[in-house]
Amino acid sequence: MATCSFQSPDSRLIPRQELGGKARRVEIPTKLGHARDNGALRLLPFTFPSSSWLPVRARCEREAVQENTKKTGEVDPDSAPLDIRPTRGRQPPEISVIISARANTDDLAIVLRQLSVEHSGPSMEILFVDDSDDGAGDVVLSMAALSSVPMRLIHRGPGERHGGFGGAVLAGLAQARGMWAVVMDGDLRHPPALAPRLAEIGRSRDVDVVIATSRQLVSILSTAVAKATFPRRLGQPRDPLSGFFAIRRAALDLDRLRPAGRKILMEILVRHPGLRTVEVPFSTQPRPAGRRKALPREGMTFVRHLVRLRTSPSSRRATSSGKRWLVHAGAFGLVGLSGLLVNTAVLWLLHEHLFGLHYMLAAALATEASTTWLFVLTETLIYRRAKPGTTASRAIRFFLLNHVLLVLRLPMLALLVDGLGLGVLLSNAVTLGLLFVVRLLATDSAIYRQAEPVAGEPARGAIRVVVDVAGSASASTGVASKRSSGLARYLPYRYCIPKVATIGSQVRLAELDYFRAQWLDNDTEIQIRVGPVGSRHPLPRAVVTQSASPLTIEYAEHLGRFGANFRISLDDPIEVVVSPSLGRSPHVVYTNVLEALLRFVAVSRGVMLLHSACLELDGAGMLISARTDTGKTGTVLRLVREHGAKFLSDDMIVLHGDGRVGCFPKPLTISNHTLRAVRSDELTRREWRRLWPQSLLHSRQGRQLGLSLSHLNVPIMGTNALTQRIVPPPKYAVDRLLPCEIVPESKLTELFVIERGPHAISDLSPCDAMSALLTNTDDAYQFPPFHQVTPSIVIGEDDHLALREKEREILASALGRIRARSLATPDFSWADEIPRLLVPRPANGRLTPRWHA
């Protein structure tokens, strides 16, 4: 039994207390001002036992930090962590930084000091976990008074240190109070200044895990083995074994975790396969001599951990699902073989035996026959259980998929026949076989995935996201970030969108033809050029990289410089550089790159780009909003033709907070639902012949097919650009389809949210109206890489979240001035109902709302 006593500088004594265990001597700082020696802090001796030092924390805190005020109370060492520096106020911290106290004492002091410097941002606490017997926890106690950050300490005794470092992290996660937890080492290899930044990046990008990835991978072999063992769950992040990461605590199920050794992140990612990740590269400091951690024992622990994860029940279920998928793939292959026989037979009949057609035309017709055969067998034999959607919708997606593959297959067929001199039938069989795996994966994921999960593992996302807070893109991703100073200065196409931006482009943007402004010079606010973007070498997956200096967002695909890549420099002016392959598809440049950027530039100018149709009828401005392919365009055309409505937009408007709207007359997309509103004499015969396949490919089913393919690790932007170039969308200016008057501005009085269903009309509250409009607006931005790129957008002082909030404020202000109603019809008769429901504008220009139709 040992005794201890503490005497403060003002000669007040703490009563002597009997404590059990082996005594240990540490130094504890008193409050500055009470114990100084030539201006320096004087550390006072204090002795307590190693096994029972936790209760002493209360006295240290009372005497040394809280002006030596005597209080009573004991702390149960087996309960909560010690508040060696309590949190001020009742609100829990936003960030909990979990640090292993098993580190060099000098390093711990530096880490604590740097974290205190970074405390100016979100509220933060530091949670030390002490697994050592060398007094590391005592050092933490001695530094408590030096920190401005709330601190807590967990001590795990010799019999409680299950799971090693991973077990210590798990103990910290269980006791963390912040919404985000940051895990890091205390040996200065992980820069402390980056710790709160990781959590801020995760919050702003709405992800679950932010992985700090070393620019120089240390465990290359271990990383490769882990990725090979779990290719889907660990394939996306560059370093799934990192010991420095931030995680959203609400996304964790701690009961799933069984850590062993240092690879706690691998444990988390494998046990939680649906977590959304972002990577932040950093430069690792060299480990001082004598502190090497990669011991043989650690290697054996890693191997055992990997084997245990692979043989866990969840992994066995995934493996079992994988075996079922192999059986499924075999059945799919047999059906595909029968389709190959049908295709070859039809090709032989059309090309060699009966009609002597050209082999390319015969191959296309044979594809129609084999696709029909394959769809019938796939529906009846392969996917016999409940299937998503209707038979018609699955048939449309199935035929679209096979026709997209046909477009890819015909050049290969021509190369084999004309270039290599192979026979037509043999070449046809070879091309069909090469695309078999693509068709299998695409059919499973894009058409039948909801009914038949192929592997039992939720996808983590195909696009890798990297946020480089310090350097350029090339340092961490291999994507060359070449400055655009060598690109052509001249911008032949110039546009001026009132209240939004001026745009200069080397690519003609048909969607902005109404805003052509050739009187502008080349110094526009947004400049679009064509140039080299992306890596010189192929990439294993698409990458979105945000670089800090200057603020740049870059998207690069698998094919290197040949991919559909782009780079956005958020400077003054904003510069967009698109790769040559992307520049050949202007519609994709506008829809997937520029329009997403314009949305946030508009908000920074005090207006909102709202996805909605807008007309003016009898002096009343009205919005018509609907989900994609509901019938909005046909309703707009009928209102213009039959009721003399003036046109502002079919798809998007410039909305002001005071209820004014500016026109945005983009070309209209003619879908199947719009055909009934287009007269036969308004299009040429050639346009009519092209309209059916165009509207089919660019219909809702076609977009759903594309969205489903985007979850696979394929160059989806390049696929989209190639498809749009081969089969351009059926877009026509409104005055090309019918005579109309386009007005530049109007004042809103009405909003109609149209939908299909039994006849019904109801008033919408401002909250419901805002929800419907934002849902319909976000529905237009589903195609990647919008969701990966937009969180990186910063305009002025506003980041993505601030801009979204301002967007809501503009919309709320406008909705407070208009009447909103929901209108449902089963027969596309909205154009007949809306004129009867309009409220006439009074002479004084003020709207008197009527809340019941």
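According to my numbering, the residues represented by the sequence shown are 185 to 1037, in order. Beta carbons: idealized from backbone N, C-alpha and C, even for Gly. Given the structure is predicted, the values throughout are model-derived calculations rather than measurements.
Using only the alpha-carbon positions, how far apart do residue i and residue j sit?
i, j, result
"K790", "I979", "Note on identity: in this sequence residue 790 is Gly, with Lys being the wrong assignment. Roughly 12 Å separates the two Cα atoms."
"P415", "A383", "26 Å"
"L723", "L599", "26 Å"
"S997", "D842", "7 Å"
"L794", "R648", "29 Å"
"N706", "Y674", "6 Å"
"L425", "R373", "15 Å"
"A170", "F429", "Given a span of 185 to 1037 for the chain in the structure shown, any question on residue 170 remains unanswerable."
"L735", "G458", "29 Å"
"R623", "A546", "21 Å"
"P213", "A434", "Here P213 scores only 37 on pLDDT, less than 50, and its place in the model should not be relied on; the value that follows carries that caveat. C-alpha separation (whole angstroms): 37 Å."
"E871", "K915", "11 Å"
"A550", "A626", "21 Å"
"L958", "R920", "30 Å"
"G427", "D369", "7 Å"
"K830", "P923", "10 Å"
"E451", "L889", "34 Å"
"R822", "E939", "16 Å"
"L401", "L618", "36 Å"
"I282", "R488", "25 Å"
"I385", "W876", "46 Å"
"A515", "A529", "21 Å"
Residue i by DSSP, collapsed to three states: which one?
i, result
"S1039", "As shown, the chain starts at 185 and ends at 1037. That puts residue 1039 outside it, with no answer to give."
"P975", "helix"
"E245", "For E245, the predicted structure reports a pLDDT of 36, less than 50, and the residue's modelled location is therefore unreliable. A value from the coordinates is still provided. Note: E245 maps to helix in three-state DSSP."
"C951", "helix"
"K411", "helix"
"V240", "Any answer about V240 is weak, because its pLDDT of 38 lies below 50 and its placement is not dependable; what the coordinates show is given next. The answer is helix: DSSP assigns V240 an H, G or I state."
"K850", "coil"
"A944", "strand"
"R1005", "strand"
"M308", "strand"
"K931", "strand"
"A598", "helix"
"V918", "helix"
"Q711", "strand"
When you compare each of the options to residue i by their alpha carbons, which one comes out closest?
i, options, result
"P380", "M308, K850, P676 and A328", "M308"
"D1047", "W1014, A293 and I910", "Shown here, the chain extends from 185 to 1037; a query on residue 1047 therefore has no answer."
"R569", "H537, R870, Y632 and F559", "Y632"
"N749", "A804, R940, V973 and T959", "V973"
"W532", "E482, P912, D756 and A553", "A553"
"G902", "F699, C680, I431 and G744", "G744"
"M484", "R593, G445, A515 and L616", "G445"
"E800", "A377, N904, F784 and D834", "D834"
"R449", "R422, L807 and S467", "Rather than Arg, the amino acid found at residue 449 in this sequence is Leu. Among R422, L807 and S467, the Cα nearest to that of L449 is on R422."
"E993", "R1005, T817 and V787", "V787"
"S316", "S300, H346 and L754", "H346"
"D291", "L378, V324, I279 and P276", "V324"
"R399", "E463, L441 and S467", "S467"
"L881", "R1020, S577 and L405", "S577"
Classify residue i: buried if its beta carbon has 16 or more other beta carbons within 10 angstroms, exposed otherwise.
i, result
"M335", "buried"
"T868", "exposed"
"H542", "exposed"
"W1035", "Unreliable positioning characterises W1035 in this predicted model, as indicated by a pLDDT of 36, which lies under 50. A coordinate reading is not provided."
"H721", "exposed"
"R1046", "Nothing about residue 1046 can be reported from this structure: the residues present for the chain run from 185 to 1037 only."
"H537", "exposed"
"F539", "exposed"
"V240", "Unreliable positioning characterises V240 in this predicted model, as indicated by a pLDDT of 38, which lies under 50. A coordinate reading is not provided."
"T407", "buried"
"L906", "buried"
"T495", "exposed"
"P480", "exposed"
"G605", "exposed"
Any heavy atom of the ligand FMN within a distance shorter than 6 Å of the CB on residue i?
i, result
"P572", "What this structure holds is no ligand at all, so the ligand FMN is not there to describe."
At which residue ranges does the region 539–596 contain complete alpha helix (DSSP H) runs of 4 or more residues, listed in the order of the chain? 543–561
Which runs of the alpha helix (DSSP H) fall wholly inside the region 777–837 and span at least 4 residues, in chain order? 779–788 and 816–827
Enumerated in chain order, which unbroken segments of the beta strand (DSSP E) with a length of 3 residues or greater are wholly contained in the region 420–472? 429–432 and 461–466
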